[in-house]
Amino acid sequence: MDKISWKEYITFDPKVCHGKACIKDTRVLVSVILDCLAEGMEENEILKEYPSLKKEHILAALQYGAMLAREEVLPLTNSRGQASEI
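Here the sequence shown stands for residues 1439 to 1524, numbered as in our numbering.
Below, the structure is given as structure tokens:
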């Protein structure tokens, strides 16, 4: 699989999930994916539990979580192309 960027798969929109990080075109929060992994769920179990997800979404959630752990501040745009910050 080619290397992915979490920015391709994660969105922040005040009208969706209260603006929290979620997988694009779904209402699955990144925190839900990370919680599942933290509880020991296997990738295939998560994909079965959340059929709208793909493997790339799980990898993007992990990348996003790692970025937050490094406490980087990155300029982002929401779904309307407006700048925001994490």
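Glycine residues also receive a C-beta, built at the ideal position from the N, C-alpha and C atoms. Note that the coordinates shown come from a computational prediction; the quantities given were computed from them, not determined experimentally.
For residue i, the three-state DSSP class (helix, strand or coil)
i: valine 1466; result: coil
i: isoleucine 1484; result: helix
i: isoleucine 1442; result: coil
8 Å Cβ shell around residue i - same chain, five flanking residues per side excluded
i: leucine 1485; result: Leu1491, Lys1492, Lys1493, Ile1496
i: serine 1469; result: Lys1458, Ala1459
Own chain residues within Cβ distance below 7 Å of residue i, not counting five before or after
i: cysteine 1474; result: Ile1484
i: tyrosine 1447; result: Ile1461, Lys1462, Glu1494, His1495, Ala1498
Residue i - containing alpha helix (DSSP H), residue span
i: histidine 1495; result: 1493-1507
DSSP beta-bridge partners of residue i
i: cysteine 1474; result: In DSSP, cysteine 1474 forms no bridge with anything.
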